[in-house]
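Number of protein chains: 2
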Amino acid sequence: MTAVLSPETLGRCRAQVQPQLRAAVDRLDPATRDVTSYHLGWTEADGTPRAAGGGKAVRPTLALLSAELAGADCSVGLPGAVAVELVHNFSLLHDDVMDHDHERRHRRTVWSLWGVPCAILTGDALQGLAQEVVLDSGSPHAAAAARCLNAATAELIRGQVADLAFERRASITLDECFDMVAGKTGSLLGASCAIGAVLTGAPPELVAALDAHGRHLGTAFQLVDDLLGIWGDPATTGKPVLADLRARKKSLPVTRALAADGSAAAELGRWYATDPAGDTEPDLHRAADLVAATGARAWAEATAEEELDRAAAVLEDLPLPPEPHADLLELGRWLTRREC
Amino acid sequence: MTAVLSPETLGRCRAQVQPQLRAAVDRLDPATRDVTSYHLGWTEADGTPRAAGGGKAVRPTLALLSAELAGADCSVGLPGAVAVELVHNFSLLHDDVMDHDHERRHRRTVWSLWGVPCAILTGDALQGLAQEVVLDSGSPHAAAAARCLNAATAELIRGQVADLAFERRASITLDECFDMVAGKTGSLLGASCAIGAVLTGAPPELVAALDAHGRHLGTAFQLVDDLLGIWGDPATTGKPVLADLRARKKSLPVTRALAADGSAAAELGRWYATDPAGDTEPDLHRAADLVAATGARAWAEATAEEELDRAAAVLEDLPLPPEPHADLLELGRWLTRREC
Numbered sequence: 006m007t008a009v010l011s012p013e014t015l016g017r018c019r020a021q022v023q024p025q026l027r028a029a030v031d032r033l034d035p036a037t038r039d040v041t042s043y044h045l046g047w048t049e050a051d052g053t054p055r056a057a058g059g060g061k062a063v064r065p066t067l068a069l070l071s072a073e074l075a076g077a078d079c080s081v082g083l084p085g086a087v088a089v090e091l092v093h094n095f096s097l098l099h100d101d102v103m104d105h106d107h108e109r110r111h112r113r114t115v116w117s118l119w120g121v122p123c124a125i126l127t128g129d130a131l132q133g134l135a136q137e138v139v140l141d142s143g144s145p146h147a148a149a150a151a152r153c154l155n156a157a158t159a160e161l162i163r164g165q166v167a168d169l170a171f172e173r174r175a176s177i178t179l180d181e182c183f184d185m186v187a188g189k190t191g192s193l194l195g196a197s198c199a200i201g202a203v204l205t206g207a208p209p210e211l212v213a214a215l216d217a218h219g220r221h222l223g224t225a226f227q228l229v230d231d232l233l234g235i236w237g238d239p240a241t242t243g244k245p246v247l248a249d250l251r252a253r254k255k256s257l258p259v260t261r262a263l264a265a266d267g268s269a270a271a272e273l274g275r276w277y278a279t280d281p282a283g284d285t286e287p288d289l290h291r292a293a294d295l296v297a298a299t300g301a302r303a304w305a306e307a308t309a310e311e312e313l314d315r316a317a318a319v320l321e322d323l324p325l326p327p328e329p330h331a332d333l334l335e336l337g338r339w340l341t342r343r344e345c
Numbered sequence: 006m007t008a009v010l011s012p013e014t015l016g017r018c019r020a021q022v023q024p025q026l027r028a029a030v031d032r033l034d035p036a037t038r039d040v041t042s043y044h045l046g047w048t049e050a051d052g053t054p055r056a057a058g059g060g061k062a063v064r065p066t067l068a069l070l071s072a073e074l075a076g077a078d079c080s081v082g083l084p085g086a087v088a089v090e091l092v093h094n095f096s097l098l099h100d101d102v103m104d105h106d107h108e109r110r111h112r113r114t115v116w117s118l119w120g121v122p123c124a125i126l127t128g129d130a131l132q133g134l135a136q137e138v139v140l141d142s143g144s145p146h147a148a149a150a151a152r153c154l155n156a157a158t159a160e161l162i163r164g165q166v167a168d169l170a171f172e173r174r175a176s177i178t179l180d181e182c183f184d185m186v187a188g189k190t191g192s193l194l195g196a197s198c199a200i201g202a203v204l205t206g207a208p209p210e211l212v213a214a215l216d217a218h219g220r221h222l223g224t225a226f227q228l229v230d231d232l233l234g235i236w237g238d239p240a241t242t243g244k245p246v247l248a249d250l251r252a253r254k255k256s257l258p259v260t261r262a263l264a265a266d267g268s269a270a271a272e273l274g275r276w277y278a279t280d281p282a283g284d285t286e287p288d289l290h291r292a293a294d295l296v297a298a299t300g301a302r303a304w305a306e307a308t309a310e311e312e313l314d315r316a317a318a319v320l321e322d323l324p325l326p327p328e329p330h331a332d333l334l335e336l337g338r339w340l341t342r343r344e345c
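Rendered as structure tokens:
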């Protein structure tokens, strides 16, 4: 199998998806379109175009590879690629409101610039637009793709509901946390890996395997993201240092740490119950050290690797075209190789 | 044509739609399901079942009549009936957040009980569930119905975006206001009147005529609702007395009044620019009198009648089954006959 550098794969796919994504966004009313352009990094808040922007486009890339893995041209996956990116951004817009986050990727969030109603409505519009793009694609498999997308969106919302409920609970189990992550991150990555194949009319077994691949990838990705949320460099993550501990997030490594035996876990548990308003920088570093001391950091790193292996394993016995198969595996490695 | 008492038609349709609506809501995760049950009036905030509740179910009734008007059994329209009710409630949940309304139909709103994130997520879930119900209906016309629903949802959001923008603008034209109403109210009533027919595979001309009927009905309904928002009895409307003036809403009658010549319009314009915090009861009654003095109250009443006539006229030359046709017209009259 040819190992392709994933930034190139990403770049190639982004070049195909961008015009279609812009065409979809152009279907919105002018006010919502402008806000979406800002949110997607295409424009500044005053409407000035930006050179950079558009994010990594991981989900659209997966959707295009998905069509190729089913033996079709990647263009068959384009409506799916646009749709998963829209669903992802619908969830980001609403998440930022719910988490009161003022910044995302070093830029002000939509609600912090234009208010909560604007962010709610823009998110609502993108959720609908995602369905519209798939349903209006003209594909004979449009309804099946819409169902795939819609099921993932429902799971994503369910994951977010669980995440919100965790904030108010003193303790959660690791299983509950994995289940929340499966909804919040796994479902849309599963749909991204499956929707291109769905649009080609691929057999259910292939679609199911691709979905499972994306779900394992999602868990691996979330574990790495959780590690970055504690030990990541703010310049890379775009979040303040130790942000997830400051927010008392019950991420996978933290949940694992809190469930551990020993004094480090007990001290972390007591600290998690304190008011974040009183946090000092040394407190946060101490909390991070406690997570590591329980073995949860090493566990998260190892589990991310295992999930990546499982993602690869579910595709092992399928007769997949070698080039997109190699691209997919390389993309997974690249996604989970982000430095702490 | 047999004139059927519309409360009976509504009751008959509600009896058919309720079990399906409950089955759809049961597909949600338990937390979201419980919040939705409360919002729909099926339970109290603590989960205790309520005898009454469920609203007028106007939109589902229209969807069932729509299938009958296309010559099919009304059960063909059921997935559409459930879906339009879910979209309606998605929009209510988000609207209450955006308008900071603490009460709806004499009951606390979801966000005021359980917070903004809960109301956002429950709304998101219902938007998705509406699509799911249609896409999973097994109808050979599911994709067309999903498109119909999705287009109406997009317009509804566009109307809400416009309404929000109006709040920050000193003046809007009557055309802009009609356009906003077409999105916010007309689109979903249009889809409600059309989606049952779409699910039967009815010809495009019939679908278009039914959609147009619903849109005219929507404008008539909004005009009556706007009149009730100023002169309605709080016991009937479920809103505080003179609520829309207190909120400085730029409703159709107010927009018409502000655009009029003369001293009443000028005085109303000056008052609309004042801070609502300083309002007294006599101020609000004076403002209501000013709207009437410009002729805008009589205009709104006459225009509602005209729109109802237009709604009837678009169906006049079609060979519709007489009974659902009579029910539809009667329902329109009933909807717009609500007392001030």
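So the protein lines, in turn, are chains A and B.
Mapping to my numbering: the first sequence position 288 is 293, numbers consecutive.
Mapping to my numbering: the second sequence position 106 is 111, numbers consecutive.
All C-beta atoms in this analysis are idealised placements derived from N, C-alpha and C, irrespective of residue type, glycine included.
Test: residue i CB closer than 8 Å to a CB of chain B
i, result
"Met6 of chain A", "Because the pLDDT of Met6 of chain A is 37, which lies under 50, any placement of that residue in the model is unreliable, and the question is left without a value."
"Arg27 of chain A", "no"
"Thr37 of chain A", "yes"
"Ile162 of chain A", "yes"
"Leu169 of chain A", "yes"
"Ala147 of chain A", "yes"
"Asp129 of chain A", "yes"
"Leu140 of chain A", "yes"
"Val102 of chain A", "yes"
"Asp34 of chain A", "yes"
Contact set for residue i: own chain, Cβ-Cβ below 6 Å, skip 5 residues either direction
i, result
"Ala77 of chain A", "Thr205"
"Asp106 of chain A", "Thr114"
"Pro329 of chain A", "Leu70, Glu73, Leu74"
"His44 of chain B", "Val115"
"Leu131 of chain A", "Leu91, Asn94, Phe95"
"Met185 of chain B", "Gly164, Ala167, Asp168"
"Tyr277 of chain A", "Arg253"
Sequence-distant residues of its chain with Cβ nearer than 8 Å to residue i (five each side left out)
i, result
"Ala156 of chain A", "Ser192, Ala196"
"Leu336 of chain A", "Ser11, Thr14, Leu15, Val63, Thr66, Leu67, Leu70"
"Glu49 of chain B", "Tyr43, Arg55"
"Leu134 of chain A", "Ala29, Val30, Arg32, Leu33, Leu91"
Chain A within 8 Å of residue i, Cβ atoms only
i, result
"Arg152 of chain B", "yes"
"Leu126 of chain B", "yes"
"Thr158 of chain B", "yes"
"His93 of chain B", "no"
"Asp51 of chain B", "no"
"His99 of chain B", "yes"
"Met185 of chain B", "no"
"Asp322 of chain B", "no"
"Gly133 of chain B", "yes"
"Val166 of chain B", "yes"
Cα-Cα separation, residue i to residue j
i, j, result
"Val30 of chain B", "Arg64 of chain B", "17 Å"
"Arg17 of chain A", "Trp339 of chain A", "16 Å"
"Glu181 of chain B", "Thr66 of chain B", "30 Å"
"Leu334 of chain A", "Thr242 of chain A", "23 Å"
"Glu160 of chain B", "Gly120 of chain A", "21 Å"
"Glu137 of chain B", "Arg152 of chain A", "7 Å"
"Met6 of chain B", "Glu311 of chain B", "Residue confidence is low: Met6 of chain B scores 37 on pLDDT, short of 50, so the model does not pin down where it sits. Its coordinate-derived value is still stated next. Between Met6 of chain B and Glu311 of chain B, the C-alpha separation is close to 21 Å."
"Gln21 of chain A", "Ala62 of chain A", "11 Å"
"Gly60 of chain A", "Gly46 of chain A", "8 Å"
"Leu411 of chain A", "Ser176 of chain A", "Here chain A comprises residues numbered 6 to 345, so residue 411 of chain A is not present and cannot be evaluated."
"His146 of chain B", "Leu179 of chain B", "38 Å"
"Asp51 of chain B", "Asp332 of chain A", "52 Å"
"Asp249 of chain A", "Asp314 of chain A", "27 Å"
"Ala8 of chain B", "Leu154 of chain B", "Note on Ala8 of chain B: pLDDT 42, under 50, position unreliable in the model; no value is reported."
Chain-order list of residues whose beta-carbon lies under 7 Å from that of residue i (same chain, five-residue window excluded)
i, result
"Ala202 of chain A", "Ser71, Ala72, Leu74, Ala75, Leu211, Val212, Leu215"
"Val246 of chain A", "Pro239"
Next item on the list: Jot down the residue ranges of each uninterrupted alpha helix (DSSP H) in the stretch 277-302 of chain A, minimum 4 residues, whole runs only, in chain order.
Entry: Those alpha helix (DSSP H) runs which fall completely within the stretch 277-302 of chain A and span 4+ residues are 286-298.
Item checked: Stretch pair the stretch 39-58 of chain B + the stretch 118-134 of chain B: three plus CB contacts closer than 8 Å -> Touching, yes.
Notebook entry, point to check: Counting Cβ pairs, one atom from each stretch, are 3 or more of them under 8 Å apart for the stretch 92-103 of chain B and the stretch 211-222 of chain B?
Noted result: Put simply, the stretch 92-103 of chain B does not touch the stretch 211-222 of chain B. Fewer than three CB pairs are less than 8 Å apart.
Notebook entry, point to check: Mind pulling the alpha helix (DSSP H) runs of 4 or more residues that sit fully within the stretch 184-234 of chain A?
Noted result: Complete alpha helix (DSSP H) runs here, min 4: 192-205.
Notebook entry, point to check: For the stretch 292-304 of chain A against the stretch 263-283 of chain A, are there 3 or more C-beta pairs whose distance is under 8 Å?
Noted result: When Cβ pairs closer than 8 Å are counted between the two stretches, the stretch 292-304 of chain A is seen to touch the stretch 263-283 of chain A, the count reaching three or more.
Notebook entry, point to check: Three or more beta-carbon pairs under 8 Å between the stretch 165-182 of chain A and the stretch 253-260 of chain A, yes or no?
Noted result: Segments in contact, yes.
Margin query: Count Cβ pairs between the stretch 83-93 of chain A and the stretch 133-147 of chain A that sit closer than 8 Å; are there 3 or more?
Written below: Enough Cβ pairs lie closer than 8 Å, so yes.
Item checked: Entirely enclosed alpha helix (DSSP H) segments - the stretch 77-163 of chain A, minimum 4 residues -> Unbroken alpha helix (DSSP H) runs of no fewer than 4 residues, entirely contained in the stretch 77-163 of chain A, are found at 83-103, 115-119, 121-140, following chain order.
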